[in-house]
Every structure is written in structure tokens, then in C-alpha cells.
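Asks: Using the working numbering, you'd call the opening residue of the sequence shown number 8 and step up by one each time.
Virtual Cβ for every residue (Gly too), placed ideally from N, Cα, C.
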Amino acid sequence: MIIFYLKETFRSIKRSKLASFITIISLSIAILATNMSVVLVLLSNKIDDELKERVELDIFLVKDAPSNDIQTLGSQLRKDKRLHIVEFISKEKAEINFIKETGEDFKSILEANPLPASYRVKFKSQSVDQNIIEQFVNDIEKNNIVDEVIYDYSTIISLINFISSSKYIIFVLSFVFVFLAIYLVYSTNKLQIQNKFEKYNTMKLVGAKLSTLKIPIYFTGFIFGVIASVISITLIIFLSEFIQRFYYNFNFINYIYISSLIIFFLGVFYGILGSIITSRGISLKINKI
Numbered sequence: 008m009i010i011f012y013l014k015e016t017f018r019s020i021k022r023s024k025l026a027s028f029i030t031i032i033s034l035s036i037a038i039l040a041t042n043m044s045v046v047l048v049l050l051s052n053k054i055d056d057e058l059k060e061r062v063e064l065d066i067f068l069v070k071d072a073p074s075n076d077i078q079t080l081g082s083q084l085r086k087d088k089r090l091h092i093v094e095f096i097s098k099e100k101a102e103i104n105f106i107k108e109t110g111e112d113f114k115s116i117l118e119a120n121p122l123p124a125s126y127r128v129k130f131k132s133q134s135v136d137q138n139i140i141e142q143f144v145n146d147i148e149k150n151n152i153v154d155e156v157i158y159d160y161s162t163i164i165s166l167i168n169f170i171s172s173s174k175y176i177i178f179v180l181s182f183v184f185v186f187l188a189i190y191l192v193y194s195t196n197k198l199q200i201q202n203k204f205e206k207y208n209t210m211k212l213v214g215a216k217l218s219t220l221k222i223p224i225y226f227t228g229f230i231f232g233v234i235a236s237v238i239s240i241t242l243i244i245f246l247s248e249f250i251q252r253f254y255y256n257f258n259f260i261n262y263i264y265i266s267s268l269i270i271f272f273l274g275v276f277y278g279i280l281g282s283i284i285t286s287r288g289i290s291l292k293i294n295k296i
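Have a look at this one:
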């Protein structure tokens with residue numbers, strides 16, 4: 008019986024070569040789009056977190072601030088659950104950093120060190136939000152030993168917003184490709200059913216079971232999915248090898264294994280889903296021309 012189903016499946020695919028080809032290509036694009044969207048979203052989340060953790064604030068203290076008050080402020084900052092890193096920069100360290108960054112030594116002009124002590128803080132990625140940061144700055148500026156709070160995160164916030172918007176674009180495009188692929192599997196199977204209109208009626212008249220009519224359609228979707236998966240996996244391997252030439256320190260083997268499993272599952276799922284949708288309209292009722 009399985010041989011019969013397979014023969015019927017391949018015979019149907021042969022009759023609709025162009026439609027089958029277009030369906031397989033569309034399925035391949037849908038599979039790659041879905042796979043890449045998952046990868047891009049995961050990467051964008053990682054980049055998003057890294058960018059957020061780079062947001063830093065410099066809290067400059069007033070001149071001759073009491074050491075007890077400086078320590079109290081430090082304790083307060085370190086207990087703040089929104090912060091990731093709290094670093095105290097003394098006047099002496101600020102001077103060393105200034106000389107290292109600018110290459111100039113102001114001691115030749117000024118006798119006293121004009122640089123203030125400060126705290127440099129970085130936020131946890133989940134706490135990087137414009138309202139949260141502004142509220143934090145307003146609270147800190149109320150402290151008597153705080154002279155000024157300097158922060159510039161507009162560029163990073165813009166990048167973060169861009170990445171967030173990109174996720175939606177990726178999801179929408181993936182959904183469009185997936186819908187197109189499933190629709191094409193459905194349309195191809197529908198076309199094949201119409202081409203075998205008289206044959207189906209004859210099979211119904213001689214007492215064919217509903218499963219006998221539907222299983223070849225499922226096989227068609229399965230074969231479309233497998234072929235599209237093989238094409239997609241091959242493209243992923245070639246793409247990985249190409250990228251490996253530029254990023255030779257990065258190991259793509261694990262990525263290829265995981266992607267191959269995901270791609271195969273997606274191909275079979277999309278193919279069979281399109282076939283299931285098509286077969287819902289098939290019944291044992293004799294259709295009139």
C-alpha cells in the first residue's frame with residue numbers, strides 16, 4: 008500500500024512540475040526565513056543586553072566632600088539593584104586617567120589637582136530605560152555631596168530602539184514567507200486534486216476509503232518539506248563555511264547541527280500542514296463536473 012501511495016505522490020508531482028518547483032523554492036525561503044529570524048532575534052537580544060550594559064553615568068562629587076559621606080553614597084549605590092557596576096574614581100585616579108586619555112599633564116600649569124572624585128555606575132540591562140535613568144539621576148542629584156551627574160546615552164538608546172523595531176520587522180517577514188509557503192503547498196495539492204477529478208470519483212465509486220484519497224496528499228507535502236529542508240541545510244552549510252573564512256575563531260559546527268534539526272522539522276511541518284489544510288475539503292461524496 009505504501010508503494011501505491013508513493014507512486015501516486017510522485018505521479019502527481021510530475022504532472023505539476025512548475026507548481027511543485029515554485030512550492031519547494033517558497034518552502035525553502037520560508038524555512039530559511041524562520042530559522043534566520045530565530046537566530047537574528049537571539050543575536051539582537053545579546054547585542055541589546057551588551058549595549059544596555061555600556062550605558063554609564065559619572066557622578067561627580069563636590070570638592071572636599073567628607074570621606075564618611077562619600078562612603079555612605081558608595082554603599083547606597085552598591086545596594087541599588089538597578090546597578091551592575093559601581094566604581095569609585097578618586098581625584099588621584101582621575102588625574103592618571105586624564106593623562107592617559109589626553110597625553111597632557113596639567114601639573115605644569117596648575118599646582119592643585121582640579122579634577123573631582125566621582126562614582127562611575129553602569130546599569131543592569133533590564134534596568135536601562137529612559138524613565139528609570141532619569142529618575143535615578145533626579146534622586147542622586149538631591150544628595151548634598153553630588154555636584155553633577157553626566158550621562159549621554161541618546162545614541163545607545165536609539166540603537167536599542169532600532170534593534171527592538173528590527174525584531175518586529177523580522178517576525179513580520181518570516182510570517183509572510185511561512186504563510187506563502189503553506190499557501191503554495193495548499194494550492195499545488197489543490198491543483199493536483201482538480202487534475203485527478205475523474206479518478207477520485209471513480210475511486211469513490213469502487214469503495215475507496217477516505218484515507219486512500221488523503222494519504223498521497225500528505226506524502227506530497229512531506230516530500231516537498233524534505234526536499235526544501237535539504238536545500239535549506241545545504242545553503243546554511245555553504246553560508247557557514249563562507250562566514251568561517253572571516254570569523255575563523257567562531258565554531259559553527261554546533262550551530263549547523265542545531266539549525267539542521269530545526270530546518271528539517273520546519274520543512275516537514277510546513278509541508279504537512281499545507282497538505283492537511285488541502286485534504287480537509289476531500290470527502291467520499293461524488294463530485295459533479
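Label Ile230 either buried or exposed according to how many other C-beta atoms from any shown protein chain fall within 10 Å of its C-beta, with 16 as the threshold for buried.
Replies: When all chains shown are included, Ile230 counts as buried.
Asks: When we look at the beta-carbon of Ile296 and count the other beta-carbons within 10 Å, is it buried (16 or more) or exposed?
Replies: Since pLDDT at Ile296 reaches only 46, below the 50 mark, its modelled position is unreliable, and the value read off the structure follows with that caveat. Classification for Ile296: exposed.
Asks: For the beta strand (DSSP E) that Asp146 lies in, which residues bound it at each end?
Replies: From DSSP, Asp146 is part of no beta strand (DSSP E) but of the alpha helix (DSSP H) over Gln137 to Glu148.
Asks: Please name the residue in Asn75, Ile10, Ile283 and Glu99 whose C-alpha comes closest to that of Lys197.
Replies: Ile283
Asks: If Ile38 and Leu273 are in contact, beta carbons under 8 angstroms, what's the gap, nearest whole angstrom?
Replies: Confirmed, Cβ separation roughly 5 angstroms.
Asks: Taking 6 angstroms as the limit between beta carbons, can you name the residues of its chain near Ser181, skipping five residues before and five after?
Replies: Ala40, Thr41 and Ser44
Asks: For Lys59 versus Phe169, is the C-beta spacing smaller than 8 angstroms?
Replies: no
Asks: Let's see if you can read the secondary structure: which residues bound the alpha helix (DSSP H) around Lys88?
Replies: No alpha helix (DSSP H) contains Lys88, which DSSP labels as neither H nor E.
Asks: Which residue marks the beginning of the beta strand (DSSP E) containing Lys129, and which one marks its end?
Replies: Ser125 to Phe130
Asks: When burial is assigned at 16 or more other CB atoms within 10 Å of the CB, is Tyr193 buried or exposed?
Replies: buried
Asks: Cα separation between Phe186 and Ile29?
Replies: 14 angstroms
Asks: Using a Cβ-Cβ cutoff of less than 8 angstroms, which residues in the same chain neighbour Val183 once the five nearest sequence positions on both sides are dropped?
Replies: none
Asks: Take the Cβ of Leu68 as the centre, count every other Cβ of all protein chains shown within 10 Å, and call the residue buried at 16 or more, exposed below.
Replies: Of the residues assessed, Leu68 falls on the buried side of the cut-off, its CB having 16 or more other CB atoms within 10 angstroms.
Asks: Just verifying my parser: in three-state terms, what is the DSSP assignment at Leu122?
Replies: coil
Asks: Mind checking whether Ile96 and Ser125 have CB atoms under 8 angstroms apart?
Replies: yes
Asks: With H, G and I counted as helix, E and B as strand and the rest as coil, what does DSSP make of Ile230?
Replies: helix
Asks: Measuring CB atoms only, is the region 234–249 touching the region 264–280, in the sense that at least three cross pairs come out at less than 8 angstroms?
Replies: yes
Asks: As a quick exercise: from Ile234, Ile279, Ala26 and Leu122, pick the residue whose alpha carbon is nearest that of Tyr267.
Replies: Correcting the residue type first, residue 267 is Ser in the shown sequence and not Tyr. Ser267 has its Cα closest to that of Ile234, out of Ile234, Ile279, Ala26 and Leu122.
Asks: Once DSSP output is grouped into helix, strand and coil, what is the label at Val69?
Replies: In the displayed model, Val69 falls within coil according to three-state DSSP, outside both helix and strand.
Asks: Is the distance from the Cβ of Gly232 to the Cβ of Tyr277 below 8 angstroms?
Replies: yes
Asks: Quick check on the burial criterion: 16 or more other C-beta atoms within 10 angstroms. Buried or exposed for Ile279?
Replies: The residue in question, Ile279, is buried, as its Cβ has 16 or more Cβ neighbours within 10 Å.
Asks: According to DSSP, what are the bridge partners of Leu64?
Replies: Val128
Asks: Assuming the contact rule is C-beta atoms closer than 8 angstroms, Val135 and Ile147 should be a hit. Round their C-beta distance to whole Å, please.
Replies: Contact doesn't hold; Cβ gap of about 16 angstroms is too wide.
Asks: Taking the alpha-carbon positions, what's the Ile140 to Ile265 distance?
Replies: 39 angstroms
Asks: Just the Cα atoms here: how many angstroms apart are Ile66 and Ser236?
Replies: 55 angstroms
Asks: Can you tell me where the beta strand (DSSP E) with Ile157 in it begins and where it stops?
Replies: Val153 to Ile157
Asks: On the CB-based measure, 16 or more other CB atoms within 10 Å of its CB, does Ser171 come out buried or exposed?
Replies: exposed
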